[in-house]
Amino acid sequence: MKTAVVIFPGSNCDQDVIHAVRDTVGCEVNAVWHREEQLPEGTGLVILPGGFSYGDYLRSGAMAARSPIMGAVKEHAGQGGLVLGICNGFQILTESSLLPGVLLPNKTLSFICRPCFLSVENTDTPFTGLFEKGQVVQFPIAHGDGLFFLPADELNDLENRGGAVFRYVSPGGVGGDEWNPNGSVNSIAGIVNPQGNILGLMPHPERASEAILGGEDGRLFWRSVASFLEKGGRRHGLL
Amino acid sequence: MLRHVHVFVQLKDGVLDIQGKAVANSLVSLGHDSLGSAKVGKYIQLWIEADSAAGARKEAEKMCDDLLVNPIIEQYSIEVEGE
Numbered sequence: 000m001k002t003a004v005v006i007f008p009g010s011n012c013d014q015d016v017i018h019a020v021r022d023t024v025g026c027e028v029n030a031v032w033h034r035e036e037q038l039p040e041g042t043g044l045v046i047l048p049g050g051f052s053y054g055d056y057l058r059s060g061a062m063a064a065r066s067p068i069m070g071a072v073k074e075h076a077g078q079g080g081l082v083l084g085i086c087n088g089f090q091i092l093t094e095s096s097l098l099p100g101v102l103l104p105n106k107t108l109s110f111i112c113r114p115c116f117l118s119v120e121n122t123d124t125p126f127t128g129l130f131e132k133g134q135v136v137q138f139p140i141a142h143g144d145g146l147f148f149l150p151a152d153e154l155n156d157l158e159n160r161g162g163a164v165f166r167y168v169s170p171g172g173v174g175g176d177e178w179n180p181n182g183s184v185n186s187i188a189g190i191v192n193p194q195g196n197i198l199g200l201m202p203h204p205e206r207a208s209e210a211i212l213g214g215e216d217g218r219l220f221w222r223s224v225a226s227f228l229e230k231g232g233r234r235h236g237l238l
Numbered sequence: 000m001l002r003h004v005h006v007f008v009q010l011k012d013g014v015l016d017i018q019g020k021a022v023a024n025s026l027v028s029l030g031h032d033s034l035g036s037a038k039v040g041k042y043i044q045l046w047i048e049a050d051s052a053a054g055a056r057k058e059a060e061k062m063c064d065d066l067l068v069n070p071i072i073e074q075y076s077i078e079v080e081g082e
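Taken in sequence, the protein lines are chains F and D. With numbering that gives the first Met the number 0 applied, the first sequence closes on residue 238, and no number is skipped along the way. With numbering that gives the first Met the number 0 applied, the second sequence closes on residue 82, and no number is skipped along the way.
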């Protein structure tokens with residue numbers, strides 16, 4: 000899968016994600032500066048990495064969402080191309096209206112950096128196809144604004160269509176407020192759009208992609224995407 | 000002429016205002032028992048070149064829609080000096 004990682008001023012997980020994708024699936028990965036207006040020819044997956052684009056000024060992801068490259072990202076998404084936003088990338092996707100909702104300051108009002116356990120709630124997406132439904136994985140979080148919020152009626156719609164792909168749970172897979180680090184509604188850690196080609200999550204799969212980093216659950220994430228793209232998947236109506 | 004525009008951005012009712020709650024709790028713990036609640040928002044000042052105050056307001060509204068305000072969670076009001 001040919002991958003493009005967009006770098007905004009203030010991105011700081013771009014090299015981590017480039018390393019994880021290359022190391023795991025050995026594909027071509029191109030770094031794309033945010034001032035560019037086009038993605039490299041043949042890009043299958045676009046990744047908006049974590050970090051603090053534009054210093055998180057105004058609202059996290061607000062200014063990056065208006066960067067020149069985002070026109071090309073929207074076009075790619077509109078054609079059914081895969082887009083993944085991790086942490087600040089997730090915030091950029093909501094600010095771009097490519098995904099619903101918004102990421103608010105954590106309920107603790109503090110930056111939280113620690114391992115988290117997630118339940119994979121929907122395996123019928125290009126990003127989670129190789130996981131078992133309900134499988135518990137460990138991806139770390141590192142964010143200050145990670146409280147996923149959506150008005151009640153839209154939240155119902157999201158849940159009814161299986162849009163909540165990852166949820167914070169205990170190591171044993173039990174839900175509850177004590178396992179929800181940031182106060183996200185319904186303990187939501189990651190969501191997918193109705194067409195299934197745009198996914199955003201706050202935890203970092205790229206930081207759980209080799210044993211030396213404390214976990215390898217992230218490898219299955221990258222392999223899922225690669226497997227989907229190898230089968231020629233690139234269209235709407237996936238769910 | 001350059002017109003001074005004041006933009007006040009607040010979280011909509013029903014959106015969790017964690018900062019407002021934390022500020023209220025701190026004030027109460029300092030002995031301000033009369034406090035009912037507190038909300039934290041943003042105050043943005045703009046200086047806009049416009050022939051009229053109404054023109055400056057219109058331009059500021061566009062800026063709010065384009066970037067300054069996220070309508071999912073925020074609402075805003077605008078004051079234009081001289082209006």
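Cβ atoms here follow ideal geometry from the backbone N, Cα and C, with glycine treated the same way.
- The three-state reading of DSSP puts D:Cys-63 in helix, counting H, G and I together.
- By the C-beta criterion, the region 79-94 of chain F is judged to be in contact with the region 36-50 of chain F, since at least 3 inter-stretch pairs fall below 8 Å.
- In this structure, the straight-line span from the alpha carbon of D:Glu-60 to that of D:Ile-77 is close to 8 Å.
- Ranked by Cα distance from F:Glu-131, the options F:Leu-103, F:Ile-140 and F:Gly-172 are led by F:Gly-172.
- For D:Ile-17, the three-state secondary structure derived from DSSP is helix.
- Annotated three-state conformation of F:Ser-118 is strand, per DSSP.
- By the neighbour-count criterion, in which a residue is buried when 16 or more other Cβ atoms sit within 10 angstroms of its Cβ, F:Glu-40 is exposed.
- Proximity of F:Arg-113 to chain D, defined by a Cβ-Cβ separation below 8 Å, is not satisfied.
- Distance between F:Ser-66 and D:Asn-24, taken at the CA atoms: about 38 Å.
- F:Val-184 is positioned such that its CB atom lies closer than 8 Å to that of F:Phe-148.
- Around the beta carbon of F:His-142, 16 or more other beta carbons sit within 10 angstroms, so the residue counts as buried.
- Along the region 16-33 of chain D, going in chain order, the ones with a CB nearer than 8 Å to a CB of chain F are Ile-17, Gln-18 and Ala-21.
- Note on geometry: alpha-carbon atoms of D:Ile-47 and D:Gln-74 lie some 21 Å from one another.
- Of all C-beta pairs linking the region 218-230 of chain F to the region 122-140 of chain F, three or more are shorter than 8 Å, placing the two stretches in contact.
- Within the DSSP bridge table, the entry for F:His-142 names F:Ile-111 as partners.
- Between the beta-carbon of F:Arg-222 and that of F:Val-24 there is about 6 Å, and that keeps the pair under the 8 Å contact cut.
- With respect to chain D, the C-beta atom of F:Leu-47 has no partner C-beta closer than 8 Å.
- Counting along the chain, F:Ser-186 sits inside no beta strand (DSSP E), nor does DSSP assign it H or E at all.
- F:Gly-43 has its alpha-carbon roughly 19 Å from the corresponding atom of F:Pro-193.
- A Cβ of chain F is located within less than 8 Å of the beta carbon of D:Leu-66.
- Around the C-beta of F:Leu-146, 16 or more other C-beta atoms lie within 10 Å, and the residue is accordingly described as buried.
- Excluding residues up to 5 positions away in sequence, Val-82, Leu-97, Asn-196 and Ile-197 lie with their Cβ nearer than 7 Å to the Cβ of F:Ala-76 in the same chain.
- By the neighbour-count definition (other C-beta atoms within 10 Å, threshold 16), F:Cys-112 is an exposed residue.
- Separation of D:Gly-81 and F:Asn-181 (C-alpha to C-alpha, rounded to the nearest whole angstrom) is 44 Å.
- Comparing alpha carbon positions, the residue from F:Arg-21, F:Glu-36, F:Lys-73 and F:Ser-10 closest to F:Asp-55 is F:Ser-10.
- Any Cβ of chain D closer than 8 Å to the Cβ of F:Val-72 would place that residue at the interface, and such an atom is absent.
- Around the C-beta of F:Ser-95, 16 or more other C-beta atoms lie within 10 Å, and the residue is accordingly described as buried.
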